[in-house]
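Novice:
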Amino acid sequence: MRILVVGNGAREDALSWRLAQSPSCEAIFAAPGNAGTGSRGANWEISATDGKGLADRALREDIDLVVLGPETAIAAGVGDRLREAGITVFGPNRSAGRLESSKIFAKRFMERHGIPTAKAIVIHSLDAARSALSQWKGGVVVKADGLAAGKGVVIAPGPDVARAVVSDWYEGSRIPGGGLDLLLEEPIRGREVSVFAICDGRAIVPFAAACDYKRAGDGDSGPNTGGMGAYSPPNGFPDDLDDAVRERILAPLLRGLLAEGEEYVGVLYCGLMWNAAGPHVIEFNARFGDPETQVLVPRIGGDFAMLLHSAAQGAMDLSLATVSPQRCVGVVLATSDYPRSSTPLRGLDSDVSLPQGCQAFWGASTLADGTVSSGGGRVLTVTALGETLDEARSRAYESVKGLAGRLGSAALTYRTDIAAPATWQSERG
Ligand code: AMP
Ligand code: GLY
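Counting from 13, one number per residue, gives the positions in the sequence shown under our numbering.
1. Under DSSP, the alpha helix (DSSP H) around Glu-96 begins and ends at which residues?
2. Can the beta-carbon of Asp-466 be found closer than 7 Å to that of Arg-23?
3. Taking only the alpha-carbon atoms, compute the straight-line gap between Asp-361 and Ala-54 and give it to the nearest angstrom.
4. For Gly-150, is the beta carbon positioned less than 6 Å from some heavy atom of ligand 2?
5. Does DSSP classify Gly-441 as helix, strand or coil?
6. Can you find the residues in the same chain that come closer than 6 Å, C-beta to C-beta, to Val-153, ignoring five residues on each side of it along the sequence?
7. Relative to the C-alpha of Gly-189, which residue among Lys-115, Leu-280, Gly-387 is closest?
8. By how many angstroms is the C-alpha of Asn-287 removed from the C-alpha of Gly-441?
9. Using a Cβ-based criterion (distance less than 6 Å to any ligand heavy atom), does Asp-224 qualify as near ligand 2?
10. Kindly examine ligand 2 and report whether one of its heavy atoms sits closer than 6 Å to the Cβ of Gly-389.
11. With DSSP run on the structure shown, which of helix, strand or coil describes Arg-203?
12. With a threshold of 8 Å, are at least 3 pairs of Cβ atoms found where one atom belongs to the region 316-335 and the other to the region 206-223?
13. Just grab the DSSP bridge partners of Cys-223 for me.
14. Which residue marks the beginning of the beta strand (DSSP E) containing Pro-44, and which one marks its end?
15. Can you tell me where the alpha helix (DSSP H) with Leu-266 in it begins and where it stops?
16. Leaving out five residues on either side along the sequence, give the residues of the same chain with a beta carbon under 7 Å from the beta carbon of Ala-416.
17. Please determine if the region 266-278 and the region 210-229 are in contact, where contact requires at least 3 C-beta pairs separated by less than 8 Å.
18. Would you call the CB atoms of Arg-427 and Gly-241 closer than 7 Å?
19. Rounding to the nearest angstrom, what Cα-Cα distance links Arg-201 and Asp-193 in this structure?
20. So does Asp-302 have its beta carbon nearer than 6 Å to some heavy atom of ligand 2?
21. Is the beta carbon of Phe-296 closer than 7 Å to that of Leu-111?
22. If you draw a straight line from the alpha carbon of Phe-117 to that of Leu-419, how long is it in whole angstroms?
23. Helix, strand or coil for Leu-366? Go by DSSP, reduced to three states.
24. Let me check understanding here. Comparing Cα to Cα, which of Arg-203, Ala-221, Val-217, Pro-218 lies closest to Asp-232?
25. Contact check, Ala-67 vs Arg-93 under 8 Å by CB: the rounded distance?
26. Got a sec? Which residues, its chain only, sit under 7 Å from Val-205 by beta carbon, not counting five neighbours each side?
27. Under three-state DSSP, which class holds Tyr-281?
28. Output needed for Leu-31: all residues of its chain with C-beta closer than 8 Å, excluding positions within five of it in sequence on either side, in chain order.
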């Protein structure tokens, strides 16, 4: 198969790395790709949201499978354009992708179909927000409706802070992601886990799960980020995690999709909060997670490309790939100003090779004249496999220290507590 991965982050580097090793893969491409994807196949200079440009080139290049990485591509209707051109796509069309691109659509969908989630009210104006908050008791999660690259959620300890947030957003016309719509939601306590389910339009099955560290600093301090590290499989959750997700979330979700005429093809990321009452959906994403993908793919064996191809063709065959019981830990090396801003870095060593079982994936970057330029922000995700979580963590941190030195950039920083017992034992919310 000739495979195209759409996107340019470490998630796409990781997908391209694993897809390229699939027995059925003849050639791999990325658009626009990064320093990592460019080291194993051609990068096309086409934006991830340019559906027509991607469809034209994919037809010319005889692409057999397109894997959509980022939510922006899905929301821009890239899946729709490619399918109209007769190309096989792993990733939902724009309509089904509203499970991620509109938090209000997702919330109402969950309410209609009995999927456990936090209670929320939909708000379209500052007056409505103030009036709802005047009656509010306790914490408030304020969520902008649209895609906001991780900046659309504020967890307020009470209605006063929430009032200040919504006043600032409405009065400054700066609701993250644009628009005038938001949700005010009850906080749920528990432990977070991301479950990745594969859907072929007719069936949906949990495939693998991971835990992600969203805050910038150690001990979950500092602002929310796109994710500073992850590990897989999750630790300290009930053994029947998959069964509970299948029964309580995926079964009603699939019934709802079919009843509403939505055809979901791709991976569905279920962001869950787990407590004594079981799983509750915090958010759906219509794609693989970043950095979760970087810790999932090292565990995947068999023909991952054929698995995604079978799902994209409406007849998913899970036996085509395996997920090993090994543990994988991933640590993100980021510029120290992330997430406030991102300092571009130039002249980085392009050789980020690591010992067997360890792998580094480039974030948004370009390779020219043997060196890498990075836009800054999340520069690299460094991963390691191990038989135990402790072993995977120590190998990951050994590699991080080595690479940070080799890259020679003082601007790079990372969390030191990814997958540490103190972080996975604690309850949040
Ligand atoms: P999201 O961008 O929707 O993933 O939200 C960002 C983070 O906010 C999540 O990863 C959770 O840690 C937190 N969060 C969102 N909704 C809730 C909720 N209802 N209760 C508690 N935490 C939440
Ligand atoms: N790691 C969070 C996300 O991909 O949305």
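For every residue, glycine included, the Cβ atom is placed at its ideal position computed from N, Cα and C.
Here the structure is a predicted model, which means the values were calculated and not measured.
Specialist: From the atom records:
1. 90-96
2. Here the chain comprises residues numbered 13 to 441, so residue 466 is not present and cannot be evaluated.
3. 20 Å
4. No, ligand 2 has no heavy atom inside 6 Å of this Cβ.
5. Low local confidence applies: a pLDDT of 41 at Gly-441 is under 50, so the model's placement there is unreliable, with the coordinate-based value given in what follows. In the structure shown, Gly-441 sits in coil (DSSP, three-state: anything other than H, G, I, E or B).
6. Ile-167, Glu-197, Pro-199
7. Lys-115
8. The predicted position of Gly-441 is uncertain, since its pLDDT is 41 and thus under 50; a value taken from the coordinates is nonetheless stated next. Approximately 10 Å, taken between the alpha carbons.
9. yes
10. no
11. strand
12. yes
13. Cys-223 pairs with Tyr-243.
14. 39-44
15. 263-271
16. Leu-345, Leu-424
17. yes
18. yes
19. Cα to Cα, the separation comes out at about 25 Å.
20. Because some heavy atom of ligand 2 lies under 6 Å away, the Cβ of Asp-302 counts as near it: yes.
21. yes
22. 44 Å
23. coil
24. Looking only at Arg-203, Ala-221, Val-217, Pro-218, the smallest Cα-Cα distance to Asp-232 is reached by Arg-203.
25. 5 Å
26. If we look at Val-205 and ignore the five residues flanking it on each side, its Cβ neighbours are Ala-221, Cys-223, Pro-246, Phe-249, Leu-284, Trp-286.
27. strand
28. Excluding sequence neighbours, Leu-31 sits near Ile-15, Val-17, Cys-37, Ile-40, Val-79, Phe-316, Ala-317, Leu-320.
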